[in-house]
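Asker: Position 97 of the sequence shown, counted from 1, bears residue number 97 in my numbering, the numbering being contiguous throughout. Glycine included, each C-beta is placed from N, C-alpha and C at the ideal position. Got a structure for you, written out below as structure tokens; questions coming shortly.
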Amino acid sequence: MPNSQPLPRYYFAIPVRFADTDAQTHVFFANYFTYFDEAYMAYLDEVGFSWDSLAQMKLETYYVSADCQFLGRAYYGDVLHVYTAFSKLGNSSLVMEMTIVNASTNESIAKGHVTSVMIDSATQKSTRIPDAFRQAVEKYQRGSV
């Protein structure tokens with residue numbers, strides 16, 4: 001099924017490895033969460049807040065929930081685009097929406113979200129999302145970068 005809604009501007013390309021597949025020859029369901037995680041980290045790099053830069057700020061993000069709707073199948077050799085954008089930046093919580101699309105057929109394979117919380121590394125408690133992070137995400141998602 002082709003995509004009917006506009007997708008975010010950012011995507012992370014992932015080639016499906018043979019090791020990602022199961023006995024039914026398509027991507028094993030749990031690997032979609034790995035794809036979400038890889039796209040999440042790449043998105044942070046894209047907006048200028050890599051995992052290393054967050055660590056230097058004494059910040060981490062902890063995943064608190066994730067879900068995935070499986071809409072199609074992907075196979076060894078396919079290239080998947082994981083379209084990624086934050087749909088919510090709360091006080092300390094962040095919700096990242098993802099849609100995985102087969103790059104050659106434009107078929108939506110999966111969609112879901114990851115909810116995370118910004119954590120102060122020293123206290124291991126939730127902390128306010130820094131204004132600079134918030135501004136970088138908002139600017140990027142408006143297309144101003």
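First and last residue of the beta strand (DSSP E) that includes Asn91?
Answerer: Position 91 of the sequence shown holds residue 91. Unbroken run through Asn91: none, as it is neither H nor E.
Asker: Going by the CB atoms, is the gap between Tyr43 and Tyr10 shorter than 7 Å?
Answerer: Here the question's residue 10 lines up with position 10 in the sequence shown. Here the question's residue 43 lines up with position 43 in the sequence shown. Yes, the Cβ-Cβ distance between Tyr10 and Tyr43 is below 7 Å.
Asker: Roughly how many angstroms separate the alpha carbons of Pro2 and Ser108, rounded to a whole number?
Answerer: Within the sequence shown, the letter at position 2 stands for residue 2. Within the sequence shown, the letter at position 108 stands for residue 108. Reliability fails at Pro2, whose pLDDT of 48 lies under 50, so the model's placement of it is uncertain and the value that follows must be treated cautiously. Cα-Cα distance, rounded: 6 Å.
Asker: Could you compute how far the alpha carbon of Arg17 sits from the alpha carbon of Gln5?
Answerer: Here residue 17 refers to the residue found at position 17 when the sequence shown is read from its first residue. Here residue 5 refers to the residue found at position 5 when the sequence shown is read from its first residue. Approximately 28 Å between the Cα atoms of the pair.
Asker: Could you tell me the distance, in whole angstroms, from the CA atom of Ala103 to the CA atom of Thr123?
Answerer: Your numbering for residue 103 matches position 103 in the sequence shown. Your numbering for residue 123 matches position 123 in the sequence shown. Cα to Cα, Ala103 sits roughly 42 Å from Thr123.
Asker: Return the residue from the list Val79, Asn31, Gln24, Asn91 that minimises the CA-CA distance to Cys68.
Answerer: Here the question's residue 68 lines up with position 68 in the sequence shown. Nearest C-alpha to Cys68: Asn31.
Asker: Could you tell me whether any Cβ in chain D is nearer than 7 Å to the Cβ of Leu7?
Answerer: Looking at the structure shown, chain D is missing, and only one protein chain is on hand.
Asker: Taking buried to mean at least 16 other C-beta atoms within 10 Å of its own C-beta, is Val101 buried or exposed?
Answerer: Taking the first residue of the sequence shown as 1, we reach residue 101 at position 101. So Val101 ends up on the buried side.
Asker: How long is the line joining the alpha carbons of Glu97 and Asp120, rounded to whole angstroms?
Answerer: Position 97 of the sequence shown, counting from 1, holds the residue named residue 97. Position 120 of the sequence shown, counting from 1, holds the residue named residue 120. Taking the straight line joining both Cα atoms gives about 23 Å.
Asker: Under three-state DSSP, which class holds Asn106?
Answerer: As a first step, residue 106 must be located in the sequence shown, where it is residue number 106. Reduced to three states, the DSSP call for Asn106 is coil.
Asker: Keeping to the same chain, check which residues put their C-beta closer than 7 Å to that of Val95; ignore five residues upstream and five downstream.
Answerer: Counting from 1 along the sequence shown, the entry for residue 95 is found at position 95. Here the set comprises Phe86, Ser87, Lys88, His113, Thr115.
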